[in-house]
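A.B. asks:
Protein chains: 2
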Amino acid sequence: MLESTRNLFAKQIAVFFTAIFCFAAPAVAQDVLPSWNDGDARSSIVDFVTAVTTEGGPNYVAPADRVATFDNDGTLWSEQPYYFQLAFALDRIKALAPDHPEWQDTEPFKSVLAGDLKGVAASGKKGLAQIIAASHTGMTTDEFAQIVSDWISSATHPQTGKPYTEMIYQPMLELLDYLRANDFEVYIVSGGGIEFMRPWTEEVYGIPPENVVGSSVRTKLQMRNGTPVIVRLPELNFVDDKEGKPIGINQHIGKRPIAAFGNSDGDFEMLDWTTSGDGPRFGLIVHHDDAEREYAYDRDSHIGQLKKGLDLGPQRGWTIVSMKDDWKQIYPDQ
Amino acid sequence: MLESTRNLFAKQIAVFFTAIFCFAAPAVAQDVLPSWNDGDARSSIVDFVTAVTTEGGPNYVAPADRVATFDNDGTLWSEQPYYFQLAFALDRIKALAPDHPEWQDTEPFKSVLAGDLKGVAASGKKGLAQIIAASHTGMTTDEFAQIVSDWISSATHPQTGKPYTEMIYQPMLELLDYLRANDFEVYIVSGGGIEFMRPWTEEVYGIPPENVVGSSVRTKLQMRNGTPVIVRLPELNFVDDKEGKPIGINQHIGKRPIAAFGNSDGDFEMLDWTTSGDGPRFGLIVHHDDAEREYAYDRDSHIGQLKKGLDLGPQRGWTIVSMKDDWKQIYPDQ
């Protein structure tokens, strides 16, 4: 290159980067998290992200270590009146019933088919295991992904009538975006089934299959027509809840997160392990206190019980989000 | 912006992108894989990568689905005269021996301490399990990572005297780079221990902890001085070998790879599952046939046995790499 051409080129690059910088400048406080009201919860998030991304600052964290983990049920989407994965299981039993005439007279299937949730509950853990086995296992992993995709794109919530994927929290979507824009790697770490979530988390949350950690059943490799397939077995492999969350994170990610987000005591150990590491750490609990716009439940709830987190979270420096006060909006606009 | 400014800006962007494109044009055939001799093996790799990255072409694969999985022992680094992780275990037993005077008279430890590998082998699976338990478990995951890091940065190979991390294959490093440059997400999927590999794979191969899948022991969350830690237990959790490889991939990644790379029959199921998917697929086996520069072994080897792959791989369209003929160089220059 001639000297003059090189100079021209350097100048063009400089202009270009200046322009890019103006368009894509780091989001300032007013631009991010628009569905969050001003207040301690929002500030704590912005302060933490600012601290770990400020190069040369005392709390700077390299991008490779900016790992954030999110619970799903009750943290990214609703979980009442029962976990959405249970709704999937019940719908699946109904869809399979024509092939199982014996279910009409056998619990827990009889209650499922009669829409009798109390009857289902009365069948206890054994009944639930039978429902999960019948609805979630026996097929290949590819077949199961298709079944889940078909269901999630058509099923609706028993109370709101909304598709389940519209019962996700707009403020949390903004939080996921904000973290990713700041070079965080964002994971779901849920007690829900890993293969129940993977078919749709990318489209709904922008979280790809490899960033989803969850509970699982055992699988085995089997030859079908000379081709290997992976078949789902009616045996539990891993429960990604409570102490299972740090263990699942360690197994899948191999790094301790610097930020963790949950809503129930099933997330306590994940937040505790995350925030007890060295350096800047962040823990956040979504408190369901908005009976009008969503649901209000905590200490005595059978689903998403939150007691330890309310009692011990604040003294650990965790942010407790009031859905009622901290969120302008719950679900995305349709 | 004024119209003229906008035009100038547009022109500058155009110039800039043209310049960038000239500097960062896709690597052409002569530039990539420099340690690979011209031949069918090298061509098959370049043809596959070109096909799946050619937008609008019949075999184009979106970047999100460009998943490639690599075995480690014998595929990315050497595995003779015994797996390097066994060398770690033996060294660890020696380091711990002063605290265990009883080992002087107890097999398999007695043989380990005497450097008697035949004696170790004679202790069978039970002896090996005892060695693994004593060397790999009882500590926290953080402590284990430190122990591994210390070992890998100081230990040397019993025959070459090289650090183990210099017994990696230069042509495979280039292959990893080539795939990443073409937007592949590259994973290790090894029968070796997941936590034995994670402390060093990023520095050595550029593969971060979250992209490492391997065998594991069970772990549990424990409180130590009021702080949660993860402790390694002397119980097997998962064997990531043979049919365990597709299962481990499905569990960790949640996608079927489009390319898989191995060297032994422990990789057969991974390659078979990978290449039996729809669309363009690639399977490659590194054949150890270079007694002069590395090792020569296959059908009858106790380590890295390769029989099924040689018999069935070619008819499945897999590339068989001759280390002797296809590689200009085995290890990186020091």
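So the sequences go chain by chain: S and D. According to numbering that gives the first Met the number 0, the first sequence holds residues 0 to 333 in order. According to numbering that gives the first Met the number 0, the second sequence holds residues 0 to 333 in order. Each residue gets a CB set at the ideal place from its N, CA and C atoms; glycine is no exception. Note that the structure is predicted; figures quoted are calculated from it, not measured.
So which of S:Gly247, S:Ser189, S:Leu75 has the shortest CA-CA distance to Thr164 (chain S)?
C.D. replies: On the first sequence, position 165 is the one that residue 164 (chain S) refers to. For the residues S:Gly247, S:Ser189, S:Leu75, the minimum Cα distance to Thr164 (chain S) belongs to S:Leu75.
A.B. asks: Output, in chain order, the set of chain B residues within a Cβ distance shorter than 9 Å of Ala50 (chain S).
C.D. replies: Here the protein chains are S and D, and chain B is not one of them.
A.B. asks: Relative to the C-alpha of Pro57 (chain S), which candidate in S:Glu201, S:Arg217, S:Gly278 has its C-alpha closest?
C.D. replies: To locate residue 57 (chain S), count along the first sequence from 1; it is residue 58. Considering only alpha carbons, the answer is S:Gly278.
A.B. asks: Where DSSP assigns a beta bridge to Met322 (chain S), which residues make up the other side?
C.D. replies: In the first sequence, residue 322 (chain S) corresponds to position 323, counting from 1. Answer is none; Met322 (chain S) lacks a bridge partner.
A.B. asks: Can you tell me which residues form a DSSP beta bridge with Pro162 (chain D)?
C.D. replies: Start at 1 with the first residue of the second sequence, and residue 162 (chain D) comes out as number 163. DSSP, once it has assigned bridges, lists D:Thr155 as partnering Pro162 (chain D).
A.B. asks: Could you check if Glu184 (chain S) belongs to the surroundings of the ligand PLP, using beta carbon to heavy atom distance under 6 Å?
C.D. replies: For the ligand PLP, the structure offers nothing, since it holds no ligand at all.
A.B. asks: Looking only at DSSP bridge pairs, what is Lys241 (chain S) linked to?
C.D. replies: Along the first sequence, read from residue 1 onward, the residue named residue 241 (chain S) stands at position 242. According to DSSP, Lys241 (chain S) bridges with nothing at all.
A.B. asks: State buried or exposed for Thr105 (chain D), treating a residue as buried only when at least 16 other CB atoms are found within 10 Å of its CB.
C.D. replies: Here residue 105 (chain D) corresponds to residue number 106 of the second sequence, with the count starting at 1. Exposed, by the Cβ-count rule.
A.B. asks: Determine the DSSP secondary structure at Asp37 (chain D), reduced to helix, strand or coil.
C.D. replies: The sequence position of residue 37 (chain D) within the second sequence is 38, counting from 1. Asp37 (chain D) falls in the coil class under three-state DSSP.
A.B. asks: Excluding the five sequence neighbours on either side, which residues of its own chain have a C-beta within less than 6 Å of the C-beta of Ser349 (chain D), listed in chain order?
C.D. replies: There is simply no residue 349 (chain D) to check, as chain D begins at 0 and stops at 333 in what is shown.
A.B. asks: So with CB distances below 8 Å, who are the chain D contacts of Arg197 (chain S)?
C.D. replies: Indexing the first sequence from 1 puts residue 197 (chain S) at position 198. Simply Gly253.
A.B. asks: Could you tell me the boundaries of the beta strand (DSSP E) in which Thr68 (chain S) lies?
C.D. replies: Position 69 of the first sequence, counting from 1, holds the residue named residue 68 (chain S). Here the beta strand (DSSP E) through Thr68 (chain S) covers 66-69.
A.B. asks: Near Phe83 (chain D), what residues of its chain come up, given a Cβ to Cβ distance below 6 Å and the 5 sequence neighbours on each side ignored?
C.D. replies: In the second sequence, counting from the first residue as 1, residue 83 (chain D) sits at position 84. Contacts found: Tyr163.
A.B. asks: In chain order, what residues of the same chain have a beta carbon less than 6 Å from the beta carbon of Asp332 (chain S), not counting five sequence neighbours either side?
C.D. replies: To locate residue 332 (chain S), count along the first sequence from 1; it is residue 333. No residues qualify anywhere along the chain.
A.B. asks: Grab the span of the alpha helix (DSSP H) containing Gly123 (chain D) for me, first residue to last.
C.D. replies: Mapped onto the second sequence, residue 123 (chain D) falls at position 124. Per DSSP, Gly123 (chain D) belongs to the alpha helix (DSSP H) from 123-135.
A.B. asks: Which word fits Pro256 (chain D), buried or exposed, when buried means at least 16 other C-beta atoms lie within 10 angstroms of its C-beta?
C.D. replies: If you number the second sequence from 1, residue 256 (chain D) lands on position 257. The residue is buried, with at least 16 neighbouring Cβ atoms inside 10 Å.
A.B. asks: Report yes or no: is there a C-beta of chain S within less than 7 Å of the C-beta of Pro227 (chain D)?
C.D. replies: Looking up residue 227 (chain D) in the second sequence gives position 228. Chain S contact via Cβ: present.
A.B. asks: From which residue to which residue does the beta strand (DSSP E) around Ala259 (chain S) run?
C.D. replies: Here residue 259 (chain S) corresponds to residue number 260 of the first sequence, with the count starting at 1. Note, Ala259 (chain S): beta strand (DSSP E), 258-261.
A.B. asks: Across which residues does DSSP place Lys219 (chain D) in a beta bridge pair?
C.D. replies: By 1-based counting over the second sequence, the position of residue 219 (chain D) is 220. Per DSSP, D:Val230.
A.B. asks: Below 6 Å CB to CB, which residues in the same chain sit around Leu178 (chain S) once its five sequence neighbours on both sides are set aside?
C.D. replies: What you label residue 178 (chain S) is simply residue 179 of the first sequence in a count that begins at 1. Same-chain partners within the cutoff: Ala67, Val185.
A.B. asks: Would you verify that the beta carbon of Ile248 (chain D) is, or is not, closer than 7 Å to some beta carbon of chain S?
C.D. replies: Numbered from its first residue, the second sequence carries residue 248 (chain D) at position 249. So no, Ile248 (chain D) is outside the interface.
A.B. asks: What residues of chain S sit near Leu220 (chain D), judged by a beta carbon separation below 8 Å?
C.D. replies: For the purposes of this step, residue 220 (chain D) is identified with residue 221 of the second sequence, where counting begins at 1. By Cβ distance, chain S contributes Glu242, Pro245, Ile246, Glu268, Trp272.
A.B. asks: Could you list which residues in chain D have their beta carbon closer than 8 Å to that of Ser215 (chain S), in chain order?
C.D. replies: As a working note, residue 215 (chain S) is residue 216 in the first sequence. In chain order: Gln250.
A.B. asks: Going by the beta-carbon positions, is the gap between Gln329 (chain D) and Arg298 (chain D) smaller than 7 Å?
C.D. replies: The residue you call residue 329 (chain D) lines up with position 330 of the second sequence. The residue you call residue 298 (chain D) lines up with position 299 of the second sequence. A small correction: the amino acid at residue 329 (chain D) is Ile; Gln does not occupy that position in the sequence shown. No. Outside cutoff.
A.B. asks: From Glu173 (chain D) to Leu127 (chain D), what distance separates their C-alpha atoms?
C.D. replies: One-based indexing of the second sequence puts residue 173 (chain D) at position 174. One-based indexing of the second sequence puts residue 127 (chain D) at position 128. Those two C-alpha atoms are separated by around 35 Å.
A.B. asks: Which partner residues does Ala295 (chain S) have in the DSSP bridge list?
C.D. replies: Position 296 of the first sequence holds residue 295 (chain S). In the DSSP output, where bridge partners are listed per residue, Ala295 (chain S) has S:Asp288.
A.B. asks: Could you tell me which of S:Ala50, S:Asp239, S:Ala113, S:Ile319 sits nearest to Asn262 (chain S), measuring between CA atoms?
C.D. replies: As a first step, residue 262 (chain S) is located in the first sequence; it is residue number 263 there, counting from the start. Selected option, being the one with the closest Cα: S:Ile319.
A.B. asks: For Thr105 (chain S), which of helix, strand or coil comes out of DSSP?
C.D. replies: Working through the first sequence from its first residue, we reach residue 105 (chain S) at position 106. Thr105 (chain S): coil per DSSP, three-state reduction.
A.B. asks: Going by C-alpha to C-alpha distance, which of S:Glu142, S:Ala144, S:His135, S:Ile92 sits closest to Val119 (chain S)?
C.D. replies: For the purposes of this step, residue 119 (chain S) is taken as the residue at position 120 of the first sequence. Of S:Glu142, S:Ala144, S:His135, S:Ile92, the residue nearest in Cα terms is S:Ile92.
A.B. asks: Mind listing which residues of the segment 110-144 of chain S have their C-beta closer than 8 Å to chain D's C-betas, in chain order?
C.D. replies: So the close ones are Thr140.
A.B. asks: Let me know the secondary structure DSSP gives Asn177 (chain D) once reduced to three states.
C.D. replies: Your numbering for residue 177 (chain D) matches position 178 in the second sequence. Residue 177 (chain D) is actually Tyr in this sequence, not Asn. Helix.
A.B. asks: Suppose the cutoff is 6 Å on Cβ atoms and the five residues either side in sequence are ignored; what does the same chain contact list for Ser215 (chain D) look like?
C.D. replies: Indexing the second sequence from 1 puts residue 215 (chain D) at position 216. Taken in chain order, the residues that qualify are Ile193, Asn236, Phe237.
A.B. asks: Decide if Thr53 (chain D) is buried, meaning its Cβ has at least 16 other Cβ atoms within 10 Å, or exposed.
C.D. replies: Reading the second sequence from its first residue, position 54 is the one you call residue 53 (chain D). That one is exposed.
A.B. asks: Chain S beta carbons: is any one of them nearer than 7 Å to that of Ser34 (chain D)?
C.D. replies: Looking up residue 34 (chain D) in the second sequence gives position 35. By this cut-off, Ser34 (chain D) is not an interface position.
A.B. asks: Interface residues of chain D around Val211 (chain S) at Cβ under 9 Å?
C.D. replies: Within the first sequence, the letter at position 212 stands for residue 211 (chain S). Simply Gly253.
A.B. asks: I need the straight-line Cα distance from Lys196 (chain D) to Asp240 (chain D), nearest angstrom please.
C.D. replies: Numbered from 1 along the second sequence, position 197 holds the residue referred to as residue 196 (chain D). Numbered from 1 along the second sequence, position 241 holds the residue referred to as residue 240 (chain D). Note that residue 196 (chain D) corresponds to Met in the displayed sequence, not to Lys. When rounded, the distance between both Cα atoms is 15 Å.
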